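Residue numbers (my numbering): 462 to 1029. All C-beta atoms in this analysis are idealised placements derived from N, C-alpha and C, irrespective of residue type, glycine included. Predicted, not measured: the structure shown is a model, and the values here were computed from it. The structure under discussion appears below in the form of structure tokens.
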Amino acid sequence: MRLSCLFAPTLREDPADAEIPSHRLLLRAGFIRPVMAGVYTTLPLGLRTMRKIERIVREEMDASGAQEIRMPIVLPADPWKATGRYELYGDVMFKLTDRHDRELVLGPTQEEVAAPLIAGDLPSYRDLPINVYQVEWKYRDEFRPRFGLLRGREFLMKDAYSFDRDEEGMRESYRIMYEAYERVFERCGLDFVVVEADPGQIGGGVNHEFMARASVGEDLFVECENGDYLADTEAARPMAPEPAGEGTEPMVEVDTPDTPTIEALAAFLGVEPSRTLKCVMFDVAGRSTAVLVPGDREVSVNKLEKLVFPAKVRVFEDGDFEARGFVKGYVGPQGFGEDVLVVADHLVRGGRDWITGSNARDRHVRGANVGRDFRVDRWEDVVEFREGDRCPVDGGSLRIGRSIVVGHIYQLGTNYSAPLGARFVDEDGTEKPYVMGSYGIGISRIMAAAVEQRHDDLGIVWSKALAPFEVVVLVANQDDERVCAEGERIYRELGQMGVDVLIDDRELTAGVKFADADLIGYPVQVVVGRRGIEQGSVDLKLRATGERSSAALVDATRAVVDLLASAP
RNA sequence: CGGGACGUAGCGCAGUUUGGUAGCGCGCAGCGUUCGGGACGCUGAGGUCGCGGGUUCAAAUCCCGCCGUCCCGACCA
462 MRLSCLFAPT LREDPADAEI PSHRLLLRAG FIRPVMAGVY TTLPLGLRTM
512 RKIERIVREE MDASGAQEIR MPIVLPADPW KATGRYELYG DVMFKLTDRH
562 DRELVLGPTQ EEVAAPLIAG DLPSYRDLPI NVYQVEWKYR DEFRPRFGLL
612 RGREFLMKDA YSFDRDEEGM RESYRIMYEA YERVFERCGL DFVVVEADPG
662 QIGGGVNHEF MARASVGEDL FVECENGDYL ADTEAARPMA PEPAGEGTEP
712 MVEVDTPDTP TIEALAAFLG VEPSRTLKCV MFDVAGRSTA VLVPGDREVS
762 VNKLEKLVFP AKVRVFEDGD FEARGFVKGY VGPQGFGEDV LVVADHLVRG
812 GRDWITGSNA RDRHVRGANV GRDFRVDRWE DVVEFREGDR CPVDGGSLRI
862 GRSIVVGHIY QLGTNYSAPL GARFVDEDGT EKPYVMGSYG IGISRIMAAA
912 VEQRHDDLGI VWSKALAPFE VVVLVANQDD ERVCAEGERI YRELGQMGVD
962 VLIDDRELTA GVKFADADLI GYPVQVVVGR RGIEQGSVDL KLRATGERSS
1012 AALVDATRAV VDLLASAP
């Protein structure tokens, strides 16, 4: 390909509307252009990179036995109502009506299409398992599209659906996809981690997220400093502390005027907040529930909700305190009746002689101890994760990492096949719902994630696998016939050797070509110029390291191929 | 949906406070000189100042309404 013929408009200045590196650089380097919030046109360079990602995905999917199909994007709304996702997605679904006033949606994923599809033509267990996939545009009317391709309203996704006769088969299909996904992200050159994720509201089964590390990522995960533990922030279960043992102080009441908050209390008494015991009140399915955590920690409502699911959790409002006889700001667990459920975080075992509320205004108690002074009904993990918590494997310090979710796989079970009536005939002659799995990869998101991970002040630094072109032949003196001829020769020879090569044959000064080459981020640059030719050489540059070298003109093509082989 | 900012030439911005001929840089076109890290000179094209209404002799500028874009938050496979 000739750059003089390629629609690859680069921008010298940063676009005003782009903040994060991937958005800024994909715009500047001419990979994408905005159409409206969260919707982009993919330009030739962007399309080439996108196709390379797709190719890797297709190769690994095909190799794992999945079959490519293509499903429609415009879909009837009814199946979505049947599975409950019409309501669940709510305004995030693009909805439209046709001329007959039929309700339609644009697909945000396609379980509702895939399940009936397989049920329609594949009634026997003998035909299972089956795994179908597609690469298609997905539509979600995000509350707040942002970060360019990272959270768009239209995005390219590979989605796959597996169908098995039983749980065991589903787990095997899932394992195969898990391994295929690892290969996909490795081949894309991404620095990624896999974490077992939070089971969502629907689905509810085992699921894993494949996360590309990125400082701008919206998704958080927890990892051990020693690299032996990874988890979703909501699923992280830090190591419980050593029990602190029996209390040594008698419990006494003290006057603490105007100290309804931990902060005020700790300041008044001149102690660390961690010496106090926080007692947060919730209504759980109508029952008053006290949750105990050290004063310097926060209760994770999300974790509490999971503990008591399906019961509903509601934080106490002012009226609840009065109506049920609690004193807001001065609640302590001493003397609670059996009607109050007392849940304590494991961290509470690590302390003794607590300072906590006295259940009377402007008074607290000191020396409160578990067992002797108050009871605990359930010991659970209910604190919000905090950096520095102990790793459950080796006790190392846990920290939070930010990432971009580029893949997500689910064991769905019969959550979709059952409500949709997607059944097969099993060996015993009875009809059963398929046991399904679903597997997504964000193709367009990988492109952005890769740029987040690989860029510098000059521009993008593509890996060989995803670069729109592997090599650019940069003609430094376009007005010099000898220079042009040598550039063309090297370009031609590289193409014949199967290298994905581009020649910058534009009538521009060398400086512009250098700047564009660094911005677009081809892994290898070959500079053919008058200066070199007079000495019988060309210059090579490896974009990833900035390392420059030169090669004999006659040997240039082989030198480029060798350098490319060493490129990341 | 709550909070904030912005909208002036293809891109980046000034001008709005204090109403009075619409500007700068880059890019683009022509000519000439340059030619290995975003060259230089001359000439030139390019504008419903986001849209609608209002105030005024006069609105990019003041007032009202709307639309769009981005950022923070809430939400989320």
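Extract the residue ranges of the alpha helix (DSSP H) inside the region 718-806, only unbroken runs of 4 or more that lie entirely within it.
If you keep only unbroken alpha helix (DSSP H) runs of at least 4 residues inside the region 718-806, you get 723-730, 762-769, 779-784.
Spatial distance of Val683 from Val677 (CA atoms)
Our two residues, Val683 and Val677, have alpha carbons roughly 16 Å apart in a direct line.
So who's on the other strand from Gly818, going by DSSP bridges?
In the DSSP assignment, Gly818 forms a beta bridge with His825.
On the criterion of 16 or more Cβ atoms from any shown chain inside 10 Å, does Ala1013 qualify as buried, or is it exposed?
Label assigned to Ala1013: exposed.
Would you list the one or two residues that DSSP bridges to Trp598?
Answer by DSSP bridge pairing, in chain order: Leu617.
Consult DSSP for Ile904 and reduce its assignment to one of helix, strand or coil.
In this structure, Ile904 counts as helix in the three-state DSSP scheme.
Gly990 (DSSP reduced to helix, strand or coil):
Of the three classes helix, strand and coil, the one that applies to Gly990 here is coil, per DSSP.
How many Å lie between Ile663 and Val866 at the Cα?
Note that Ile663 has pLDDT 49, beneath the 50 cutoff, so the model's placement of it is unreliable and the number below is only indicative. Answer to the nearest angstrom: the Cα atoms are 19 Å apart.
Report all residues from its chain with a CB closer than 7 Å to the CB of Tyr550; omit the five preceding and five following residues, and keep chain order.
Apart from sequence neighbours up to five positions away, the residues of its chain that approach Tyr550 with a beta-carbon distance below 7 Å are Pro569, ordered along the chain.
By how many angstroms is the C-alpha of Leu808 removed from the C-alpha of Leu578?
Taking the CA atoms as reference points, Leu578 sits about 50 Å from Leu808.
Beta-carbon separation of Met700 and Gly856 under 8 Å?
Judged by beta-carbon spacing, Gly856 lies within the 8 Å limit of Met700, meaning their Cβ atoms are closer than that value.
Neighbour-count burial assignment, Glu707, 16 or more Cβ in a 10 Å radius:
Exposed, because fewer than 16 other Cβ atoms sit within 10 Å of the Cβ of Glu707.
Proximity winner among Asp941, Arg648, Glu724, relative to Asp968 (alpha-carbon distances)
Sequence check: residue 968 is Glu here, not Asp. Considering only alpha carbons, the answer is Asp941.
If we count Cβ pairs, one from each stretch, closer than 8 Å, do we get three or more for the region 642-653 versus the region 713-723?
No, the region 642-653 does not touch the region 713-723.
My output table needs one value for Ile663: the three-state DSSP class, helix, strand or coil.
With a pLDDT of only 49 at Ile663, under 50, the local geometry of the prediction cannot be trusted, and the value read off the model is given with reservation. Residue state, collapsed to three classes: coil.
Would you mind sorting Gln957 into buried or exposed? The rule is 16 or more other CB atoms within 10 Å of its CB.
Taking every protein chain shown into account, the CB of Gln957 has fewer than 16 other CB atoms within 10 angstroms, so this residue is exposed.
Runs of beta strand (DSSP E) wholly within the region 500-575 (minimum 3 residues, chain order)
500-503, 535-537, 556-558, 564-567, all fully within the region 500-575.
From what residue to what residue does the alpha helix (DSSP H) around Ile981 run?
It spans 971-981 - the alpha helix (DSSP H) in which Ile981 sits, taken as one unbroken run.
Do Val553 and Glu515 count as a contact pair if the criterion is CB distance below 8 Å?
In this structure, the beta-carbon distance from Glu515 to Val553 does not fall below 8 Å.
Counting pairs of beta carbons, one from the region 764-775 and one from the region 788-800, are three or more of them closer than 8 Å?
Flag = no, the region 764-775 and the region 788-800 do not touch.
Taking just the CA atoms, how far does Gly688 sit from Pro853?
Across the structure, Pro853 and Gly688 are spaced so that their CA atoms are roughly 12 Å apart.
For Ser864, the first and last residue of its enclosing beta strand (DSSP E):
Unbroken beta strand (DSSP E) run through Ser864: 859-874.
In the DSSP assignment, the alpha helix (DSSP H) including Cys945 goes from what residue to what residue?
Per DSSP, Cys945 belongs to the alpha helix (DSSP H) from 942-957.
Host beta strand (DSSP E) of Asp1023 (start-end)
Not the beta strand (DSSP E): Asp1023 falls in the alpha helix (DSSP H), residues 1017-1027.
Beta-carbon separation (whole angstroms), Thr510 vs Gly491, contact threshold 8 Å:
Going by Cβ atoms, the distance from Thr510 to Gly491 rounds to 12 Å, so no, they are not a contact pair.
Taking the alpha helix (DSSP H) that Phe646 belongs to, which residues open and close that run?
Residues 628-648.
So for Cys852, helix, strand or coil by DSSP?
In the three-state reduction of the DSSP assignment, Cys852 falls in the coil class.
Less than 7 Å between C-beta atoms, sequence neighbours within five positions excluded: which residues of the same chain meet that for Ser998?
The residues are Ser1011, Ala1012, Ala1013, Leu1014.
Leaving out five residues before and five after Arg991 in sequence, what residues of the same chain have Cβ atoms less than 6 Å from its Cβ?
Annotation for Arg991: Asn938, Asp941, Val944 place their beta carbon closer than 6 Å to its own, counting only its chain and skipping 5 residues before and after.
Have a look at the DSSP bridge pairing and note the partners of Glu1030.
No answer is possible for residue 1030: the residues shown for the chain start at 462 and end at 1029.
Does the contact criterion of 3 or more C-beta pairs under 8 Å hold for the region 946-953 versus the region 464-480?
At 8 Å Cβ cutoff, the stretches do not touch.
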